[in-house]
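Number of protein chains: 2
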Amino acid sequence: MEGSAPRRTRIQQEKRELILEAALEVFSANGFRGSTIDQIAEAAGMSKPNLLYYFRRKEDIHETLMQRLLDTWLAPLRELDDIGDPMTELRSYIRRKLEMARDFPRESRLFANEILQGAPRIMPMLEGELKTLVEEKAAVIKGWMRAGKIARTDPWHLIFSIWATTQHYADFDVQVRAVLGPDRGGDGRFEDAARFLEQLFLDGLKPKA
Amino acid sequence: MEGSAPRRTRIQQEKRELILEAALEVFSANGFRGSTIDQIAEAAGMSKPNLLYYFRRKEDIHETLMQRLLDTWLAPLRELDDIGDPMTELRSYIRRKLEMARDFPRESRLFANEILQGAPRIMPMLEGELKTLVEEKAAVIKGWMRAGKIARTDPWHLIFSIWATTQHYADFDVQVRAVLGPDRGGDGRFEDAARFLEQLFLDGLKPKA
DNA sequence: CTAACGTTTGTCCAACCGGTCAAAATTTTG
DNA sequence: CAAAATTTTGACCGGTTGGACAAACGTTAG
Numbered sequence: 000m001e002g003s004a005p006r007r008t009r010i011q012q013e014k015r016e017l018i019l020e021a022a023l024e025v026f027s028a029n030g031f032r033g034s035t036i037d038q039i040a041e042a043a044g045m046s047k048p049n050l051l052y053y054f055r056r057k058e059d060i061h062e063t064l065m066q067r068l069l070d071t072w073l074a075p076l077r078e079l080d081d082i083g084d085p086m087t088e089l090r091s092y093i094r095r096k097l098e099m100a101r102d103f104p105r106e107s108r109l110f111a112n113e114i115l116q117g118a119p120r121i122m123p124m125l126e127g128e129l130k131t132l133v134e135e136k137a138a139v140i141k142g143w144m145r146a147g148k149i150a151r152t153d154p155w156h157l158i159f160s161i162w163a164t165t166q167h168y169a170d171f172d173v174q175v176r177a178v179l180g181p182d183r184g185g186d187g188r189f190e191d192a193a194r195f196l197e198q199l200f201l202d203g204l205k206p207k208a
Numbered sequence: 000m001e002g003s004a005p006r007r008t009r010i011q012q013e014k015r016e017l018i019l020e021a022a023l024e025v026f027s028a029n030g031f032r033g034s035t036i037d038q039i040a041e042a043a044g045m046s047k048p049n050l051l052y053y054f055r056r057k058e059d060i061h062e063t064l065m066q067r068l069l070d071t072w073l074a075p076l077r078e079l080d081d082i083g084d085p086m087t088e089l090r091s092y093i094r095r096k097l098e099m100a101r102d103f104p105r106e107s108r109l110f111a112n113e114i115l116q117g118a119p120r121i122m123p124m125l126e127g128e129l130k131t132l133v134e135e136k137a138a139v140i141k142g143w144m145r146a147g148k149i150a151r152t153d154p155w156h157l158i159f160s161i162w163a164t165t166q167h168y169a170d171f172d173v174q175v176r177a178v179l180g181p182d183r184g185g186d187g188r189f190e191d192a193a194r195f196l197e198q199l200f201l202d203g204l205k206p207k208a
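Protein sequences appear in the order of chains A and B. For the first sequence, numbering that gives the first Met the number 0 gives the first residue as 0, with consecutive numbering after it. For the second sequence, numbering that gives the first Met the number 0 gives the first residue as 0, with consecutive numbering after it.
Pasting the structure below:
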């Protein structure tokens with residue numbers, strides 16, 4: 000797809016990292032169209048033309064950012080493994096996703112922004128790599144169901160519900176904090192969420208008979 | 000906050016509705032900064048200056064849209080009532096929210112966009128009206144838990160999980176459809192989702208002993 | 001009919017924005 | 001050190017955007 004990776008000097012590597020870090024901050028807060036090169040340049044501590052020396056177009060920054068994001072973003076799902084106890088596997092998948100929402104909220108929001116706008120830049124990846132990965136894992140989950148290890152349901156929607164509930168704490172963070180208020184909405188909210196989600200996915204809400 | 004509502008001619012009422020409808024389409028697809036007055040004007044079938052005759056600033060359109068949105072958006076939660084069987088109440092709340100995601104995806108995306116950008120325009124409402132409403136309903140749910148009608152958990156995070164799982168089908172629609180593929184991702188996906196969510200919130204994933 | 005009022009349009013503007021370019025400053029290399 | 005290569009900067013450009021405005025057009029009531 001791309002030619003061989005261009006050689007880069009030490010300065011180029013450092014400055015490119017600096018720009019990507021600044022761009023993550025700006026893009027995740029304002030979206031692609033809502034962000035200006037000037038904003039990113041200022042956040043990175045350099046002038047606009049200087050930034051454009053490292054990335055020729057605004058889109059190049061976004062593209063690079065998105066490519067890096069996707070690998071780390073899908074890592075937890077890739078780790079979902081056939082070995083080990085199914086219920087434990089699912090529980091640690093949920094925990095890992097929630098930790099990502101806590102530790103990398105900007106990445107989550109960048110992704111959410113892209114999807115919300117119709118995923119114009121990563122549609123091929125959704126229909127290709129992501130679809131294949133989910134199919135693979137859905138098969139694993141189906142195996143667990145056939146073996147009677149977990150209840151029978153739709154594996155795809157199960158995965159969606161894990162994505163939705165965990166990423167909610169990154170993407171809708173301001174709302175979560177506003178609704179919980181200063182006391183409940185402090186740092187402890189992720190542990191509360193983890194406890195709740197564990198129970199939800201394990202037992203649901205029906206009272207113990 | 001605002002003076003008495005200005006008198007409006009018949010034409011003004013109609014045209015304002017037309018503009019709001021067009022703006023919902025454009026804003027929900029491109030975000031606030033990503034949308035131009037020209038786009039909205041074209042979608043509404045009028046010229047930019049003409050549109051600006053009805054709404055003096057771009058922000059006014061967005062603000063009006065947001066105010067209207069919030070009422071209908073919170074209606075399902077307001078309906079969550081103490082009368083009736085708790086488990087049934089929760090199930091129909093989930094169903095109503097999922098129906099809103101299906102029937103009003105643009106409203107959902109508009110709201111998601113606003114929250115993602117840090118809710119600059121509706122923060123007071125989140126900390127006021129919304130927080131109060133959720134507190135009220137959390138108390139109702141706590142009552143159910145005390146009465147042994149549903150399992151004991153955190154009512155706040157329960158509400159978040161319902162929001163997250165249902166709105167996911169509007170906000171991340173492109174991703175859902177891409178991952179499900181043409182066959183599974185058709186119109187039936189909302190029924191599949193409803194079935195899955197009902198089971199999840201009722202029984203969780205633990206296999207029936 | 002006509003005056004008053006409401007609506008629509010074309011033109012214009014200043015600010016912003018993505019990106020170019022050549023020259024200056026700096027760093028690297030021989 | 002000095003030449004070569006790299007990095008930084010200021011000035012600039014064309015296109016877009018939000019919004020202003022006055023003139024033209026349409027509608028309605030006396």
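All residues carry an ideal CB built from backbone N, CA and C; glycine is no exception.
(message) With H, G and I counted as helix, E and B as strand and the rest as coil, what does DSSP make of A:I18?
(response) helix
(request) Let me know the secondary structure DSSP gives A:E13 once reduced to three states. (result) helix
(request) Identify which residue in B:L115, B:A118, B:D170, B:G187 has its Cα closest to the Cα of B:R105. (result) B:D170
(request) Can you have a look at B:I158 and say buried or exposed, based on whether 16 or more other CB atoms are within 10 angstroms of its CB? (result) buried
(request) Say whether the segment 23-31 of chain B touches the segment 109-116 of chain B, bearing in mind that this needs 3 or more beta-carbon pairs closer than 8 Å, one atom from each stretch. (result) yes
(request) Could you tell me which chain A residues have their CB closer than 7 Å to the CB of B:E126, listed as they occur along the chain? (result) A177
(request) Assign B:P206 to one of three DSSP states: helix, strand, or coil. (result) coil
(request) Kindly indicate the opening and closing residues of the alpha helix (DSSP H) around A:A118. (result) First-last for A:A118: undefined, no H or E at that position.
(message) Going by C-alpha to C-alpha distance, which of B:P154, B:R188, B:D80, B:M45 sits closest to B:H167?
(response) B:R188
(message) Helix, strand or coil, according to DSSP, for B:T165 in the structure here?
(response) helix
(message) Whole angstroms are fine: how far does the CA of B:E16 sit from the CA of B:D70?
(response) 17 Å
(request) Report yes or no: is there a C-beta of chain A within less than 8 Å of the C-beta of B:L115? (result) yes
(request) Return the residue from the list A:Q11, A:H61, A:L125, A:K141 that minimises the CA-CA distance to B:P206. (result) A:K141
(request) For B:T152, count neighbouring C-beta atoms within 10 Å of its own C-beta (all shown protein chains included) and say buried if the count is 16 or more, exposed if not. (result) buried
(request) Specify whether the segment 121-140 of chain B and the segment 42-49 of chain B touch according to this definition: at least 3 beta carbon pairs, one from each stretch, less than 8 Å apart. (result) no
(message) Just to make sure I have the definition right: I need the residues of chain A whose C-beta is within less than 7 Å of the C-beta of B:F159. Which are they?
(response) H167, V175
(request) Give the straight-line distance between the Cα atoms of A:I121 and A:R90, rounded to the nearest whole angstrom. (result) 29 Å
(message) Let's test the definition: count the other Cβ atoms within 10 Å of the Cβ of B:F200 and tell me whether it reaches 16, buried, or not, exposed.
(response) buried
(message) DSSP three-state label for B:M144, please.
(response) helix
(request) Using only alpha-carbon positions, find the residue among B:D202, B:L204, B:L132 that is nearest to A:V178. (result) B:L132
(message) According to DSSP, simplified to helix, strand and coil, what is B:G185?
(response) coil
(request) Could you give the DSSP three-state label for B:P75: helix, strand or coil? (result) helix
(request) Measure the C-alpha to C-alpha separation of A:F31 and B:E58 and round it to an integer number of angstroms. (result) 19 Å
(request) Just the chain A side, please: which residues come within less than 8 Å of B:F189 by C-beta, in chain order? (result) Per Cβ cutoff of 8 Å: no residues; B:F189 is ~10 Å from chain A at best.
(request) Determine, using beta carbons only, whether B:K153 comes closer than 8 Å to chain A. (result) It should be noted that the sequence gives Asp, not Lys, for residue 153 of chain B. For B:D153, the answer is yes, since a Cβ of chain A falls inside 8 Å of its Cβ.
(message) Could you give the first and the last residue of the continuous alpha helix (DSSP H) run that contains A:E88?
(response) 85-102
(message) According to DSSP, is A:M122 part of a helix, a strand, or is it coil?
(response) helix
(message) Under 8 Å, Cβ to Cβ, is there at least one residue of chain B near A:L89?
(response) yes
(message) Which same chain residues end up closer than 7 Å to A:Q12 when comparing Cβ atoms and leaving out the 5 residues on each side of it in sequence?
(response) none
(message) To be precise: take each residue of the segment 26-54 of chain B, compare its Cβ to all Cβ atoms of chain A, and keep it if any distance is under 8 Å. Which residues remain?
(response) A28, N29, G30, F31, R32, G33
(message) For A:L68, which residues in the same chain have their Cβ closer than 8 Å to its Cβ, ignoring the five residues on either side in sequence?
(response) E106, L109, F110
(request) Tell whether a beta-carbon distance below 8 Å holds between B:L64 and B:A22. (result) yes
(request) Quick one: grab the DSSP three-state call for A:I149. (result) coil
(message) Output needed for B:W155: all residues of its chain with C-beta closer than 6 Å, excluding positions within five of it in sequence on either side, in chain order.
(response) A137
(request) Check whether the Cβ atoms of B:A163 and A:A163 sit closer than 8 Å, and answer yes or no. (result) yes
(message) Between which residues of its own chain and A:G184 is the CB-CB distance below 6 Å, once the five residues before and five after are set aside?
(response) R176
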